[in-house]
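Shown next, in structure tokens, is the structure this report addresses.
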Amino acid sequence: MLRSPDKLYSSNPDINKSGEPSSMTTRKRKHDSDFSEALKTFTSEIRCTLHSWKKEIQDEVSGIKNNLDLVLKTDLEKLNASFAEIKLEISSVRQEYHEIKKSVQSLNLKNNEVMKQIIVLETSVQFNSDQCDNVQKKTELIAVNKKSN
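Numbering of the sequence shown is given in the numbering used here, commencing with residue 2 and proceeding in unit increments.
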């Protein structure tokens, strides 16, 4: 079995019963109203500080928002102007394309007509050449027949 150690120190476990030295003075405890007043003052100062920080942050965020709105507005205006210009250019290119297409079709038709006329002329020239050859042969035959007669 374990035993408790012998009493080596003679201290009193009850602090209130022990004698207080004469050099020690007791202080009065501050009243709760002093603490609550200090707490109210501290709380008020913290609130004011937080409120001013909040206002500063809101002002900065508002400034950033206004700057972004301005930048976005100008960029949107530029994009709209560019878009309108591109639409006009596309319309112009379409119109030019249709004009060129009509011109090419007209040139194709004229080319076909010219080719037909060339073919007609070639056949006409060939026909005339054949006729001329026939007439020449006949004249040569007549000339040969006259000589032989």
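For every residue, glycine included, the Cβ atom is placed at its ideal position computed from N, Cα and C.
Please read all numbers here as calculations on a predicted model, not as lab measurements.
Residues near Q96 by beta carbon distance below 6 angstroms, same chain, minus five either side:
Contacts found: none.
C-alpha distance - E86 paired with L110, whole-angstrom precision
Between E86 and L110, the C-alpha separation is close to 36 angstroms.
Can you tell me whether N129 is helix, strand or coil according to DSSP?
Looking at N129 - three-state DSSP - the assignment turns out to be helix.
Consult DSSP for N113 and reduce its assignment to one of helix, strand or coil.
N113: helix per DSSP, three-state reduction.
Could you have a look at N150 and say whether DSSP puts it in helix, strand or coil?
Three-state result, N150: coil.
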